[in-house]
Every structure is written in C-alpha cells, then in structure tokens.
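In our numbering, the protein residues as written are 33 to 381.
Just so it is clear, CB atoms sit at the ideal spot from N, CA and C, and this is done for glycine as well.
Just so we're clear, the structure is a prediction, and the values are computed from it rather than from any experiment.
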C-alpha cells in the first residue's frame with residue numbers, strides 16, 4: 033500500500049498526455065529555430081552581399097569613399113581595353129587629367145550607384161537621437177503623472193486605453209499626421225525638427241506604457257519610507273522611484289530605437305530628401321540646422337530599390353546601405369543596452 037502511494041505521482045513517459053506535451057514542445061522548438069534561421073539567413077545575406085561594397089581588400093580595409101562621400105551618378109565605360117567604374121566626381125577628375133571632354137564622352141550612367149552615403153548616415157543618427165530625446169522626456173513625464181498623480185477614474189482609464197490603441201496605428205498615418213500638423217499647419221516644412229516630433233509621437237505610446245509599468249513595479253515601501261522622512265511627493269519620485277524604474281524605461285527605448293530608425297513613411301513626408309549634399313551643420317544660421325531636411329538610410333534604400341532601374345550596380349548600393357544601416361541601428365541599440373545595464377547595476381532592490 034505504501035509503495036503504491038509512493039508512485040501515485042510518478043511521471044509516466046508512456047502516457048498519452050506526456051506524448052502530447054513532448055509533441056507540443058518539439059513543435060514550439062522547431063518554430064523558434066525556424067524564426068532564428070530565417071532571421072540569420074536574412075542578416076547573413078545582407079552582410080555577405082553588402083561586405084563587398086563596405087569593405088575592401090587593401091588598407092584601411094573599408095571603402096572610404098562609400099562611408100565618407102555623398103551619393104553620385106556612377107559612370108561605367110571602357111578605356112584602352114579596360115572596364116572602368118567611377119563616381120561622377122572621379123570621372124570628371126579623370127577626364128580633366130586626360131584632357132577629355134567629360135560632357136561629350138559616352139558612358140553608361142547609373143543614378144545613385146556611385147559615391148557614398150555619409151549624409152544619409154548623419155541624417156539617420158540625428159533623427160534617431162533627436163526623436164528619442166523628445167519621446168523619452170514627454171513619455172517619462174506622462175508616465176509619472178499617470179502612475180503617481182492621476183486617480184483611477186474613467187477619464188484616466190480612457191486615456192490609458194487610447195495610448196495602447198495609438199501604439200498599433202500604422203506608421204504612414206503618423207507620417208500624414210506629421211505632414212499635416214508640423215510641415216503644413218505650423219509651417220516647419222520638410223525639416224529635421226518636423227521629423228523629430230513625428231517620430232517621437234510615433235513611439236510615444238510605447239514609451240509611456242513601458243515607463244508607467246516600470247514606475248508601478250518599484251516597491252511601495254520606497255515611497256512610504258521617503259514620505260515618512262519628510263520628503264515631498266516630487267522629491268520621493270525623483271530620488272526613490274524614478275532611478276529604480278530607469279532600467280525598465282531604457283528597455284522600452286531599445287525597442288523604440290529600432291522602430292524610429294527603420295521607418296520610411298514618416299520621414300518621407302516630414303524630414304527626408306532623396307539627395308542632399310550639404311551637412312546639417314553647414315546651414316547659414318543656428319535655426320537653419322533644425323529647419324532643413326536631411327537624407328536618411330531607410331529612405332535612401334527605398335529610393336535606390338524602387339525609384340530607379342535595377343541592375344548590378346544599384347544592387348551593390350542597396351546591400352551596402354542596408355549593411356551600414358544595420359550596423360548603425362545595432363550600435364545605437366547597444367548603447368541603450370549598456371546604459372540600461374549600468375542603471376540596473378547601480379539601482380537594485
């Protein structure tokens with residue numbers, strides 16, 4: 033009798049329930065591995081095809097012109113039995129050195145397939161940093177109000193529901209909203225500041241929701257202890273609540289960085305140009321820095337992939353730009369992860 037009781041809860045590997053559990057586990061494992069395989073194949077395909085454009089076999093082992101130049105027309109022609117490929121600036125310098133009329137010399141030209149993407153890199157970094165600063169400031173302030181000050185009324189519940197619904201709005205809707213409000217109504221035009229606020233409003237619902245949850249996760253005793261020692265409510269939030277919620281807030285920023293950097297529709301309507309040689313800091317005035325448009329990597333990929341005839345030369349530009357884009361987004365995300373880890377090590381409970 034005692035022996036039967038000892039085995040009453042023993043796991044039976046031959047039972048049908050156990051078999052179903054194993055089948056379900058194997059199915060979930062296969063789906064996970066399949067997703068990882070697809071993502072790895074996509075990233076490796078971009079890395080392998082883009083490496084030929086970004087890197088070179090000679091010192092300094094990177095394509096300096098590609099990373100430091102502006103997009104140009106590519107000239108392909110034969111000269112003395114040799115096939116030459118030159119960007120527009122290189123071709124003009126070559127024609128001058130060989131006393132050749134560049135305008136009359138026949139070459140095969142390919143738009144956006146020569147030169148580099150430095151203006152697009154700079155524009156993407158500026159758009160991400162500026163929009164994330166605006167989104168984090170507005171998002172954290174809103175989350176503090178909803179978590180610490182607002183009462184649980186029907187109006188506040190409706191606001192929370194609206195914020196959750198706004199997180200699912202397509203990005204092109206935000207692009208049209210930004211064009212209507214910032215570009216046309218406020219008269220900012222296609223500019224850096226219009227792109228900042230449009231992208232910030234796009235990721236604001238995610239940051240507000242994640243920040244509010246992070247604030248609510250801080251133990252209530254932290255608040256009560258500070259209030260018992262005579263601190264005001266704002267002092268309590270600033271010193272005993274917000275620092276400990278910072279790791280969770282930075283987690284939401286990591287997710288937002290990838291979305292901000294990868295969206296094409298919002299910046300296409302509000303901030304991006306297909307071609308712009310001048311850097312933002314080359315503006316005539318301080319305000320000109322904010323009121324001018326910029327190039328951006330996702331919009332440049334869109335233009336090169338869909339707006340011009342496709343060939344082997346445009347493919348090199350597409351994959352090279354995509355590889356640099358992945359590196360830029362990964363670098364910004366890694367910086368956010370590093371800051372989150374530092375905050376997590378500093379503030380523990």
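Could you compute how far the alpha carbon of residue i sits from the alpha carbon of residue j?
i           : j           : result
residue 291 : residue 240 : 15 angstroms
residue 204 : residue 155 : 20 angstroms
residue 89  : residue 312 : 32 angstroms
residue 348 : residue 84  : 8 angstroms
residue 75  : residue 67  : 12 angstroms
residue 160 : residue 228 : 8 angstroms
residue 268 : residue 184 : 21 angstroms
residue 47  : residue 299 : 58 angstroms
residue 374 : residue 364 : 16 angstroms
residue 114 : residue 64  : 50 angstroms
residue 190 : residue 197 : 10 angstroms
residue 151 : residue 353 : 12 angstroms
residue 308 : residue 80  : 28 angstroms
residue 211 : residue 360 : 26 angstroms
residue 138 : residue 295 : 39 angstroms
residue 95  : residue 315 : 28 angstroms
residue 49  : residue 55  : 10 angstroms
residue 118 : residue 158 : 30 angstroms
residue 362 : residue 87  : 18 angstroms
residue 166 : residue 289 : 13 angstroms
residue 335 : residue 304 : 11 angstroms
residue 116 : residue 103 : 18 angstroms
residue 259 : residue 217 : 46 angstroms
residue 192 : residue 275 : 23 angstroms
residue 34  : residue 59  : Residue placement at residue 34 cannot be trusted, given a pLDDT of 48 that sits under 50; what the coordinates show is reported in the next sentence. Whole-angstrom Cα-Cα distance: 39 angstroms.
residue 435 : residue 153 : Given that the chain is displayed from residue 33 to residue 381, the structure contains no residue 435 and the question cannot be resolved.
residue 220 : residue 194 : 27 angstroms
residue 320 : residue 162 : 15 angstroms
residue 355 : residue 318 : 33 angstroms
residue 199 : residue 237 : 5 angstroms
residue 51  : residue 70  : 28 angstroms
residue 77  : residue 351 : 9 angstroms
residue 97  : residue 257 : 59 angstroms
residue 53  : residue 62  : 14 angstroms
residue 264 : residue 187 : 26 angstroms
residue 386 : residue 120 : For the chain, the structure presents residues 33 to 381; residue 386 sits outside this window and is missing.
residue 112 : residue 126 : 14 angstroms
residue 128 : residue 122 : 10 angstroms
residue 287 : residue 293 : 11 angstroms
residue 230 : residue 301 : 10 angstroms
residue 175 : residue 99  : 40 angstroms
Just list the residues that DSSP pairs residue i with in beta bridges.
i           : result
residue 304 : 326
residue 103 : 147
residue 111 : 114
residue 94  : 87
Buried or exposed: residue i, going by 16 or more other Cβ atoms within 10 Å of its Cβ?
i           : result
residue 214 : buried
residue 201 : exposed
residue 357 : buried
residue 377 : exposed
residue 57  : exposed
residue 92  : exposed
residue 164 : buried
residue 136 : exposed
residue 266 : exposed
residue 331 : buried
residue 235 : buried
residue 226 : buried
residue 251 : exposed
residue 101 : buried
residue 382 : A query on residue 382 cannot be resolved here, the shown segment of the chain reaching from 33 to 381 and no further.
residue 169 : exposed
Length at least 4, wholly inside the stretch 309-361: the alpha helix (DSSP H) runs in chain order:
318-322, 329-338
Continuous beta strand (DSSP E) assignments of at least 3 residues falling wholly in the stretch 119-151
140-147
Would you call the stretch 322-332 in contact with the stretch 117-136, where contact means no fewer than 3 C-beta pairs closer than 8 angstroms?
no
Measuring CB atoms only, is the stretch 365-378 touching the stretch 275-285, in the sense that at least three cross pairs come out at less than 8 angstroms?
yes
Do the stretch 140-158 and the stretch 335-344 make contact, defined as three or more Cβ pairs closer than 8 angstroms?
yes
For the stretch 242-256 against the stretch 171-179, do three or more pairs of beta-carbon atoms, one drawn from each stretch, fall closer than 8 angstroms, so that the two count as touching?
yes
In chain order, each beta strand (DSSP E) run of at least 3 residues that lies wholly inside the stretch 233-258:
none
Where in the stretch 146-231 do unbroken runs of the alpha helix (DSSP H), each at least 4 residues long, occur, reported from the N-terminal end onward?
150-176, 186-198, 203-210
What alpha helix (DSSP H) runs, 4 residues minimum, are completely inside the stretch 56-83?
none
What runs of the alpha helix (DSSP H), each 4 residues or longer, lie entirely inside the stretch 257-305?
265-268, 274-294, 297-302
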